[in-house]
Amino acid sequence: MTSFRVKDRGRVKADRPVRFSFDGVAYEGCEGDTVASALLANGVHLMGRGFKYHRPRGPVTAGSEEPNALIGTSRGVGRFEPNTRATVQEIYQGLTTESQNKWPSLKFDVGAINDRLYMLFSAGFYYKTFMWPRSFWDKVYEPFIRRAAGLGKAPVDVDPDHYASRYLYCDVLIVGAGPSGLAAALAAAQTGVNVVVVDEHAEMGGSLLSEPSVGINGKAAWDWLEATLDELGRLPNVRLMTRTTAIGYYHQNMIALCQKLTDHLAELPTDAPRERMWRVRAKQVVLGQGAIERPLVFDGNDRPGVMLASAAQTYLNRYGVKVGNRPVILTSHDSAWYAAFDLADAGAKVGAIVDTRNDIQAALMQQAKARGIETLTGHTATATSGRLRVKSVRVNPVRGGRVGKARTIDCDALLMSGGWTPSLHLFSHTKGSLHWDAEENVYLPGQQTEECHIAGAGRGLWGIAAVLEDGVKAGTAAVRALGHSCDAVRFDVSDDRTGNGVTHKELATDRSPGRAKAFIDFQNDVTAKDIRLAVREGMRSIEHVKRYTTNGMATDQGKMSNMNGLMIASDALQKEAPQVGLTTFRPPYTPTTFGTFAGYHKGSHFELTRKTPIDSWAEEHGAAFEPVALWRRAWYFPKAGETMHMAVSRECKATRESIGIFDASTLGKIEVSGPDAVEFMNRMYTNPWTKLAPGRCRYGLLLGEDGFIRDDGVIGRMRDDLFHVTTTTGGAARVLNMMEDYLQTEWPDLKVWLTSTTEEWATIALNGPNARKLLAPLVEGVDISADAFPHMSVAECTVAGFSSRLFRISFTGELGFEVNVPARHGRALWKKLMQAGRQYDICPYGTETMHVLRAEKGYIIIGQDTDGTVTPQDAGIGWAIGKAKPDFVGKRSLSRPDIVARDRKHLVGLLTDDPKIVLEEGAQIVTDPNQPLPMKMIGHVTSSYWSEALGRSIAMALVAGGHEKMDQTLYIPMPGHTVAAKVTGTVFYDPAGERLKVE
Amino acid sequence: MNAHVTPNSPGPVSLTIVPPFARFSLRIAAASVEAASKAFGLELPVKIGQGQAKDGRAAWCLGPDEWLLHAVETETVQIMEAFARFRPETPHSLTLISDREITIAMEGARAAELLSVACPIDLARIHPGMAKRTVFDSAQVVLLRDGPDHFRLEVWRSFFPHVHELLQIANRELASGY
Amino acid sequence: MLLIHCPYCDDTLPELEFAYAGEAHIARPSDPSELSDEEWRDFLFIRSNARGVHAERWRHIHGCARYFNALRDTVSDKFLRTYKAGEPRPDTSVQEAVK
Amino acid sequence: MTHFSAMSLLKNAFTGNKNWSAQWPDAQPKTEYDVIIVGAGGHGLGAAYYLAKEHGITNVAVIEKGWLGGGNTGRNTTIIRSNYLYDESAGLYDHALDLWENLSTELNYNVMFSKRGVMMLAHNIHDVQSFQRHIHANRLNGVDNCWLTPAEAKEFCPPLNIASDARYPVMGAALQKRAGTARHDAVAWGYARAAAARGVDIIQNCPVLSIKRGPDGAVEGVETGKGFIRAKKIAVSAAGHTSVIMQSADLKMPLESYPLQALVSEPVKPVFPCVVMSNTVHAYISQSDKGELVIGSGTDQYISYSQRGGLPLIEHTVAAICEVFPIFNRMRMLRKWGGIVDVTPDRSAILGKTPVKGLYVNCGWGTGGFKATPGAAHTLAWTVAKDEPHVINAPFTLERFTTGRLIDEAAAAAVAH
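Chains as they are written, first to last, in my numbering: chain L, 47 to 1045; chain B, 28 to 205; chain G, 26 to 124; chain U, -17 to 399.
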């Protein structure tokens, strides 16, 4: 295999060979190579296939904007990745890569048949076809289209790598470490402000890396670069970050950076993240992102070996690789001439410089002549040949708009330049305006919305001297905006390669333009003809053209194609480009892994799991858990061999017959404190609070201002000016926020303070006829006998030696207590109670048993028996409303016409005719089960359980007009059968409440 | 390796869990702060973020009418009584929250860097002696800065494992050099 | 992610510390029972949804915990001013940016 | 207008595709129309089409401030389903689904409606209860929706992680097989082409500045960037900008506009066969026919017209996708974008008449308007033509916010206790 490596050129380390593979073939490159440069050094141009026509493709760029040379990379299980740019991926020892979108092989791809059907697959053809017969769409056409989709294959294994993130604040963030960025950094850094410089490449320097012949301040470009980076690197106020791409520019100068940390390493260091997301907040931003060269649009401009002239220059000067031995240059810009000169100087036989322009600077002509390069000015290219690699280019003179006689020039690389497009992606993320420079046919930055400065080629400047100077200006402006002044930084540039050029739509041709395969979007296989067809079909906005043709929607996001597409569309529409529009650049600047966005948030850290102080005991004792809001709660405690049903029945029975113990720590707790606490409670909750004496508690009901139930809980009055409010588990934060809202903005005159104490306390509920017997010996400081401490009492005392707030309340209908102790003692208290309860066969129970026991008593669960559309009257708890109160949150809404309507859904009990049938929660209820679909549904089952205590099933349901349907039989149609059930009240067990009174 | 580093958190920053102490949330009108200072025996700072410490007692202003108080645990009752005494004439709320949070102490030259993995504020503007309520990842925290390289993070008990584990992951990351 | 100036902390901090709380200056009627159904609907549901300068409430929920008001341009998302709860809406003819 | 057929496609291919004509003419406004529709998204263009086709009203203008289909029609994640809980919603969305199934044929435009199935994941007991409630209600409403066990869900969607120790384990899923996706742009283009063919004027790049009302309060026309245009009937279908336009007619709306973001990955070979939604972790995903994973995010917390959106939300969304589909961790995000959605207090649409004579509105779709496109357009056309509600859109009134008869699907899926 011929080597295209040029001795003594490039920055790669020729003495450090690196072996890697591509499509199963081993290759050797050098340290510092990308996959593309290393393959090119081995004479390999064919690296991919187009999306639609599967035409063979090679790299067209040397950067992250590459549309063609996309490969799969892998390094062991879980580390496969599709669509990686070969032009960016650095090689390392053992790197495995493969080509994509081909079958059976890259060189022979069956899909290339599409290329022959080119005319049929015109833009928008999908929309016009695949409709007959109709049934074929689902079964034939769509599966076919979907199979053809995509480029690489998705990963199949879980990614073992980890991803990191950081927040960073700085004074000046400089994006792009080319000459403009470095100049800005030099200017800004001298003032001592915090400067961060980022660059997406492995090395800083930008275009300087490709232009070693320029001299700066008397030094060769690379020497100056080294000295400058060294100088900046030494400054404590400067941070230089390579392999770091600014992917998005967000509000108020927040820039997201993606830093690649390990993709270039042969050995993965322990604990090192693969990539890191930086969320940088900069006071000032300098964007020195440079410019991207435009391809020329002509028939056959996509063959492997056809690439941008600047890319060839980069491969030569940065990587020491000749992209061909017999290149031809095709250009409309002076810049490509230098590529020709550099290649000639490196020993390539340049076939010709073909320039579309008639008048070329004499100096360039001279230099070409000096190197013996033929120059064809005023020429166009009309075709190329070569299947897997370009073999020749057909060129014609253009005189007075007429295309003359063709001539064919052999070549092994065709290097094109259609001018340069300023890279303004990040600027356009800011919604900054762009203005159209009709002279240069480019968009330049206009009005700014953020504190940013654009420097260098991004403003359409050309040549190292101009760009350096502009960088200084931007850096100076940035620090001035921060109130600093800085000394002038001047550069003396020699051998600068200045120049200019023109831009084109498609190049002129003597052949039928309708047959030309002149590509604009290489990856998506969009041609000039497609753009014109879209316009012909009425697509008059560039967004329509883009969406109709998919131009600019490839993985380069239009970096290669947008401007050419716009030029052709505006020509077809006979309108100025700005009237046709501008497609918006979206973040990220280059495609960025999901892992980087997810950062630490994976697995158990995707979202934190809140656990109570008693959770560890439950886990040790085999509890099954259920997630409730962010918490996990013990669901039930199965013994060996028990199903959930068996465990719950046992837990219910034990609690009703003796005693059960339950971890209620997740309930929200809020201290409502201050002289106006009672007034505040009166306004927030539906219930009256004034007459509640200290030491007593009451069930509290909270509505939204719309009158619907939001939350509930038992509330204890600790002192005249202090309430201990409990909320539902999921409602804790919401309720506190709502209370603060009213307190701070509606009633700031009230002297009340709110403090969340949810996590201060561990809460253990004891329920069952033996609850007092168990507890009494452990309690000090309060007499908990039935008379002294009646139902709905609260007291401060100690329990088992721990300071405690003790409530006598019940959510089961049994004699019940809730013990609150400081959280750190929760587990210890639990263990003591378990030990003390052994004589009563104390039974730990979980949320499921809690649900059953409360349902037997008809106690509602907010969010299960209510759903955000239920009023207190609907839920049958109108008694909780303080009728005499003039106002409370939500009161006014309760008198709206449709809230007092008779057909509202009411919460009722349901008893199935067959007591063995447990209804499904969520099952729908009808009056006539024999009606046709769609049936008239009058409600649904909200809660449904097997009641061990009653020996039958019970259910609650929301039923339209339910309070007036007592004793009626309703029907629950299930798949294949219907269940009949009778409407009842919601209290199924101990309706008189006798069990609370146990001595 | 630093002597403070526990076996499961190798990294340049020492992460230790602070033993229990008395912690209160004090809410009182700014105009009445003097009475509170007297009761607590420490002049309460009045600018949000500022702190004050003396003789084992410390206070930080977290909001326009909110202070975080620290003291040794044995003085809990004594402090509560001191405040209770002036409550009738100067209404306020003093809530014991010793157990609500767990406190992580962080020490090391790279402590601020470690925090920056998930703390979105500009740590350079939190000077030694200051405290701020903020967030660390998805958890609300109170961040106290004791010195250039010394922080404490007060985290609600149930959020603690998440925060602590993230800090450990990040600490290992720092150790990796990447 | 926005940067928001809290008028209580007198500090400009990341949006992650703040919770949006809807349009500002919609005072709860002192006696809702006097309102017609239409008036009550207006209080509950009708919002200006301004395209341009919008007076809105934020809560510095993970900071000083205060609710405050802000004028923000909903087209650019830029804050013009933040001010304490209870203060009147500032004159927006002077469009003065908050630091 | 060329009728699209296999023959026309072949014929044009052989003639170099030179003879295709514009799919819709670029109309300039006349001085008066019978009906003006504000907003040329799928909803507005569809309403124009049905006005012309079903009600014979062809003197219609659809006025768009930008390019047609450039609002939420072209910015959404294209999910189509009808497995809603309430009869009102199920009726509307199922009507839309019926229309979706024939839309390509009806419009002679392939909108690529793909019945690949929409699967909604249950991650906790509350989700399970809620989905069961939906499934039972859907069954009795004649809407297909079935319950899948975790294993069945995985079989239907192989990349799904059903490990029981996941932070959000999959406890089952509700699957509507008849649901799926469509090619969003094609919906706007197809309606535009079919409406234009029946005489509707589509006027782009023409902002509607205000709605003018006469002394009797009835609408008289619209002031636009291209002058005043008279009409006795005006239907506003302008998504996030509706409240601004309605305000010019002195009608304040119960609407707030929020930024909603979405994103796509780089294209890969088919790996994701259906649509998966998880309301609990906020992840919505399908794979486009081009191979990109199309992912929906949530709304930012503050109202905005900036179409910008913040980073934290995107980070959360992507993390959620990787939690449910861990194999996608090394996939790359290609682009993300923002739209503006208008949200009502009960998160259901307002569709029909307003208190202003001659003024109709179609708004408040929040994050779910695309799926309703044909149904909303069809019933709105009915209401505009007859000046009375269609039985399907009758519940979606403005009055419900006064009376309290809300259609609150989101509240019905109330958060856990």
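We put the CB at the ideal spot given by N, CA and C, even for glycine.
- Task: State yes or no: is the C-beta of Leu69(B) within less than 8 angstroms of the C-beta of Val60(B)?
- Result: Position 42 of the second sequence, counted from the first residue, corresponds to residue 69(B). Position 33 of the second sequence, counted from the first residue, corresponds to residue 60(B). For Leu69(B) and Val60(B), no; Cβs fall outside 8 angstroms.
Q. Curious, which full-length alpha helix (DSSP H) runs of at least 4 residues does the segment 148 to 231 of chain L contain?
A. 159 to 162, 171 to 174 and 188 to 193
query = Tell me which same chain residues have a C-beta within less than 6 angstroms of the C-beta of His1001(L), skipping the five on either side of it?
reply = On the first sequence, residue 1001(L) is found 955 positions in, with the first residue counted as 1. Strictly speaking, residue 1001(L) in this sequence is Ala, with His absent from that position. Apart from sequence neighbours up to five positions away, the residues of its chain that approach Ala1001(L) with a beta-carbon distance below 6 angstroms are Leu956, Leu965, Val987 and Ser990, ordered along the chain.
* Asked: Curious, which full-length alpha helix (DSSP H) runs of at least 4 residues does the segment 62 to 98 of chain L contain?
  -> 81 to 87
Note to self: The beta strand (DSSP E) that contains Trp677(L), what's its start and end?
What the structure shows: On the first sequence, residue 677(L) is found 631 positions in, with the first residue counted as 1. Where Trp677(L) is concerned, the enclosing beta strand (DSSP E) stretches over Trp677 to Tyr682.
*His(-15)(U) versus Gln625(L) - alpha carbon distance*: Taking the first residue of the fourth sequence as position 1, residue -15(U) is located at position 3. Taking the first residue of the first sequence as position 1, residue 625(L) is located at position 579. Between His(-15)(U) and Gln625(L), the alpha-carbon positions lie close to 30 angstroms from each other.
Checklist entry - If Phe138(U) sits next to Cys304(U), beta carbons under 8 angstroms apart, how far is it from one beta carbon to the other, in whole angstroms? => result On the fourth sequence, position 156 is the one that residue 138(U) refers to. On the fourth sequence, position 322 is the one that residue 304(U) refers to. Between Cys304(U) and Phe138(U) the Cβ distance is about 20 angstroms, and since that is not below 8 angstroms, they are no contact.
Query raised in the report: In terms of residue numbering, what span does the alpha helix (DSSP H) encompassing Phe726(L) cover?
Result: To locate residue 726(L), count along the first sequence from 1; it is residue 680. Here the alpha helix (DSSP H) through Phe726(L) covers Ala723 to Met730.
- Item | Span separating the alpha-carbon of Ala416(L) from that of Met609(L) | As a first step, residue 416(L) is located in the first sequence; it is residue number 370 there, counting from the start. As a first step, residue 609(L) is located in the first sequence; it is residue number 563 there, counting from the start. Cα-Cα distance, rounded: 35 angstroms.
- Taking Cβ-Cβ distances shorter than 7 angstroms, what residues in chain L pair up with Pro91(G)? In the third sequence, counting from the first residue as 1, residue 91(G) sits at position 66. Sequence check: residue 91(G) is Arg here, not Pro. Within 7 angstroms Cβ-Cβ: Gln790.
**Q.** Given 8 angstroms, three or more beta-carbon pairs between the segment 337 to 344 of chain U and the segment 196 to 209 of chain U
**A.** Verdict: yes, contact present.
Requested in this report: In the DSSP assignment, find the unbroken beta strand (DSSP E) run with Pro624(L) in it and report its ends.
Outcome: By 1-based counting over the first sequence, the position of residue 624(L) is 578. Counting along the chain, no beta strand (DSSP E) covers Pro624(L); the unbroken alpha helix (DSSP H) around it starts and ends at Ala623 to Val626.
Exercise. Give a yes or no on whether 8 angstroms exceeds the smallest Cβ distance from Phe104(G) to chain U.
Key: Taking the first residue of the third sequence as 1, we reach residue 104(G) at position 79. False, the Cβ-Cβ gap to chain U never drops below 8 angstroms.
**Asked** Got a sec: is the Cβ-Cβ distance from Ile153(B) to anything in chain G below 8 angstroms?
**Response** The residue labelled residue 153(B) in the question sits at position 126 within the second sequence. Output row for Ile153(B): interface = no.
Which class does Met250(L) belong to by DSSP, given the choice of helix, strand or coil?
Taking the first sequence and counting its residues from 1, one reaches residue 250(L) at position 204. Here Met250(L) sits in coil by DSSP.
Trp681(L) versus Tyr646(L): straight-line alpha-carbon distance, rounded | Sequence index remark: in the first sequence, residue 681(L) carries index 635 (1-based). Sequence index remark: in the first sequence, residue 646(L) carries index 600 (1-based). Trp681(L) and Tyr646(L): Cα-Cα distance of roughly 29 angstroms.
Own chain, CB closer than 7 angstroms to Thr642(L), minus 5 neighbours either side, in chain order:
For this step, residue 642(L) is matched to residue 596 along the first sequence. Cβ neighbours of Thr642(L) beyond the five flanking positions: Tyr209, Cys304, Glu321 and Met323.
Which partner residues does His481(L) have in the DSSP bridge list?
Within the first sequence, residue 481(L) is the residue found at index 435, counting from 1. Answer is Leu490(L), bridged to His481(L).
Should Pro890(L) be labelled buried (16 or more other beta-carbon atoms within 10 Å of its own) or exposed? For the purposes of this step, residue 890(L) is taken as the residue at position 844 of the first sequence. Looking at its Cβ environment, which holds 16 or more other Cβ atoms inside 10 Å, Pro890(L) is buried.
Beta-carbon separation (whole angstroms), His85(G) vs Tyr45(G), contact threshold 8 angstroms: The sequence position of residue 85(G) within the third sequence is 60, counting from 1. The sequence position of residue 45(G) within the third sequence is 20, counting from 1. So it is not a contact: roughly 11 angstroms between Cβ atoms.
Leu201(B) to Phe48(B) span [Cα, whole Å]: Along the second sequence, one-based indexing puts residue 201(B) at 174. Along the second sequence, one-based indexing puts residue 48(B) at 21. Between Leu201(B) and Phe48(B), the C-alpha separation is close to 31 angstroms.
First through last residue of the beta strand (DSSP E) which encompasses Lys81(B): Taking the second sequence and counting its residues from 1, the one referred to as residue 81(B) is at position 54. First-last of the beta strand (DSSP E) with Lys81(B): Gly78 to Lys81.
- prompt: Can you tell me the Cα-Cα spacing of Thr636(L) and Gly598(L), whole angstroms?
  reply: Residue numbering aside, residue 636(L) sits at position 590 when the first sequence is read from its first letter. Residue numbering aside, residue 598(L) sits at position 552 when the first sequence is read from its first letter. If you take the alpha carbons of Thr636(L) and Gly598(L), they lie about 13 angstroms apart.
Exposed or buried, which one is Lys318(U) when buried takes at least 16 other CB atoms within 10 Å?
Taking the first residue of the fourth sequence as position 1, residue 318(U) is located at position 336. Lys318(U) comes out buried.
inquiry  = So if DSSP puts Trp183(B) in a beta bridge, which residue, or which two residues, is it bridged to?
reply    = For the purposes of this step, residue 183(B) is identified with residue 156 of the second sequence, where counting begins at 1. Under the DSSP definition of a beta bridge, Trp183(B) partners with Glu128(B).
Collapsed DSSP secondary structure at Ser463(L) in the structure displayed | Reading the first sequence from its first residue, position 417 is the one you call residue 463(L). It is a strand residue.
Exercise. Closer than 8 angstroms, Cβ to Cβ, to anything on chain G: give me those residues from the segment 70 to 101 of chain B, in chain order.
Key: Ile75, Gly76, Leu89, Gly90, Pro91 and Glu93
- request: Counting only the same chain and skipping the five closest in sequence on each side, list residues whose C-beta sits under 7 angstroms from that of Ile227(U).
  value: In the fourth sequence, the residue the question calls residue 227(U) occupies position 245. Contacts found: Val20, Val190, Ile193, Val218 and Ala220.
Quiz item: Can you tell which of Val81(L), Val239(L) and Gly346(L) has its C-alpha closest to the C-alpha of Pro559(L)?
Solution: Looking up residue 559(L) in the first sequence gives position 513. Pro559(L) has its Cα closest to that of Gly346(L), out of Val81(L), Val239(L) and Gly346(L).
Would you please state the rounded distance, in angstroms, between the beta carbons of Asp217(L) and Gln330(L)? I believe it to be under 8 angstroms. By one-based count along the first sequence, residue 217(L) stands at place 171. By one-based count along the first sequence, residue 330(L) stands at place 284. Between Asp217(L) and Gln330(L) a beta carbon distance of about 7 angstroms is seen, short of the 8 angstroms cut, so the two are scored as contacting.
- prompt: Going straight from the alpha carbon of Ala111(B) to that of Pro91(B), what length do you get?
  reply: Translated into the one-based positions of the second sequence, residue 111(B) becomes position 84. Translated into the one-based positions of the second sequence, residue 91(B) becomes position 64. Using only the alpha carbons, I get a separation of about 21 angstroms.
Exercise. Name, please, each residue of chain B whose Cβ falls closer than 9 angstroms to the Cβ of Tyr296(L).
Key: Numbered from 1 along the first sequence, position 250 holds the residue referred to as residue 296(L). Chain B residues near Tyr296(L): none, gap ~13 angstroms exceeds 9 angstroms.
Kindly indicate the opening and closing residues of the alpha helix (DSSP H) around Trp82(U).
-> The residue labelled residue 82(U) in the question sits at position 100 within the fourth sequence. That run of the alpha helix (DSSP H) goes Asp69 to Leu89.
key: Beta carbon of Gly627(L) nearer than 8 angstroms to that of Gly714(L)   = Start at 1 with the first residue of the first sequence, and residue 627(L) comes out as number 581. Start at 1 with the first residue of the first sequence, and residue 714(L) comes out as number 668. Not closer than 8 angstroms, so no.
* Under a three-way DSSP split, which group does Glu144(L) fall into? -> Here residue 144(L) is taken as the residue at index 98 of the first sequence, counted from 1. Glu144(L): strand per DSSP, three-state reduction.
Given Val444(L) as reference, the closest of Val436(L), Leu422(L), Tyr594(L) and Gly104(L) once Cα atoms are compared: By 1-based counting over the first sequence, the position of residue 444(L) is 398. When C-alpha distances from Val444(L) are compared across Val436(L), Leu422(L), Tyr594(L) and Gly104(L), the shortest belongs to Leu422(L).
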